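Counted from 1, the sequence shown has number 51 at position 51 by UniProt numbering; the numbering is strictly sequential.
Cβ atoms here follow ideal geometry from the backbone N, Cα and C, with glycine treated the same way.
Source: prediction; values computed, not measured.
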Amino acid sequence: MNNDNITLDDNLVNSKREVANLSDSDIFKKIWTKPRMVLEFIDKKEYDKWLFPILIILGINTTLGNFIDNDFGGIFINPAVSIIFGVVIGALLGWISYYIFAAILKISGSWLGGDATTYELLRITTYAVIPTLITAIISLAIQALSLFEWGEFLVNYTQLIIFLASVFVIIALVLLIWSIVNIIVGISVTQNFSIGRSIANFFLAITIILIPIALIIYYMVWTKVRYL
Numbered sequence: 001m002n003n004d005n006i007t008l009d010d011n012l013v014n015s016k017r018e019v020a021n022l023s024d025s026d027i028f029k030k031i032w033t034k035p036r037m038v039l040e041f042i043d044k045k046e047y048d049k050w051l052f053p054i055l056i057i058l059g060i061n062t063t064l065g066n067f068i069d070n071d072f073g074g075i076f077i078n079p080a081v082s083i084i085f086g087v088v089i090g091a092l093l094g095w096i097s098y099y100i101f102a103a104i105l106k107i108s109g110s111w112l113g114g115d116a117t118t119y120e121l122l123r124i125t126t127y128a129v130i131p132t133l134i135t136a137i138i139s140l141a142i143q144a145l146s147l148f149e150w151g152e153f154l155v156n157y158t159q160l161i162i163f164l165a166s167v168f169v170i171i172a173l174v175l176l177i178w179s180i181v182n183i184i185v186g187i188s189v190t191q192n193f194s195i196g197r198s199i200a201n202f203f204l205a206i207t208i209i210l211i212p213i214a215l216i217i218y219y220m221v222w223t224k225v226r227y228l
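Right under this line is the structure:
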């Protein structure tokens, strides 16, 4: 028998493989332990139900701190105004950075033979970072509490605050690494890549992002040094 007749391309096997039916609860629970199963479901079913709610929470977390920490020329002196504008701007615009990252993943992935669209990569990477929602929600709570007068309380519990802050940083770092691993698995699913090629896709995208940032920093430093 001709081996060509019994040998199936891995891509064909992956495309024909059935994916498990998952509930919303399953998605948020199993993303921690079975990310590939969850992300295959998200990709194959084009599951968008929680896409924008997750992006909105992440976006608000990104922008709210800026409005709380800066009054922008006295416009946002009132804490309530800071919160309202931080939430609105974050909900509307905060997700743009995630879309840009997905677009860069698409570009760098195309160099490696991937054909996923920007939207597909946005969807898969957004669900992949579900673990960071924990730190985002805690961060939002801390930012909201910072608007109140806690100075006297904090002075009395300085050591406890330092300890809790250290624990929070460690947890945030662990969840960030967890999410990066999920993103790499998600790229593998959406682009139909091996894990090795998925890692290359991810770090190519990071490099594309870092190069202009490095050039801007270099230019700013060089300009200052030149005029010393």
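The residue among TYR218, TYR99 and LEU39 with its C-alpha nearest the C-alpha of ALA205 is TYR99. Closest in C-alpha terms to ARG123, from the list ASP24, TRP50 and ILE217, comes TRP50. Listed in chain order, the non-local C-beta contacts of LEU140 below 6 Å within the same chain comprise ASN61, local neighbours out to five positions each way being set aside. Contact between the region 102 to 114 and the region 26 to 40 is absent, with fewer than three C-beta pairs closer than 8 Å. Contact between GLY59 and GLY90 holds, with the beta-carbon distance rounding to 4 Å and staying under 8 Å. Here the alpha carbon of ILE187 sits roughly 12 Å from the alpha carbon of ILE104. Here LYS30 has VAL38 as same chain residues with Cβ atoms under 6 Å from its own Cβ, once five neighbours each way along the sequence are excluded. For TYR98, the enclosing alpha helix (DSSP H) begins and ends at 96 to 111. Selection THR125, GLU40 and GLY114 evaluated against SER97 yields THR125 as nearest (Cα-Cα). About 27 Å separates the beta carbon of PRO212 from that of LEU175, a gap too long to meet the 8 Å contact definition. In this structure, DSSP gives PRO131 a state outside helix and strand, which the three-state scheme calls coil. A distance of 7 Å or more separates the beta carbons of THR207 and GLU120.
Secondary structure note for GLU40: its alpha helix (DSSP H) is the uninterrupted segment 35 to 45. Taking 8 Å as the upper bound for CB-CB distance, ILE183 and ALA128 are in contact here, some 5 Å apart. Between the alpha carbons of GLN143 and ALA165 lies a distance of about 13 Å. Excluding its 5 nearest sequence neighbours in each direction, ILE54 has C-beta neighbours in its own chain below 6 Å: THR126, listed in chain order. Nearest Cα to SER194 within the set ILE134, GLY114 and TYR218: GLY114. For the pair LEU64 and ILE138, the Cα-to-Cα distance works out to about 13 Å. If you check the CB distance, LEU112 and ASN201 come in under 7 Å. In this chain, the alpha helix (DSSP H) harbouring PHE28 covers 24 to 30. In the structure shown, LYS224 adopts helical secondary structure according to DSSP, grouped into three states. Judged by DSSP secondary structure, SER188 falls within the alpha helix (DSSP H) whose first and last residues are 158 to 191.
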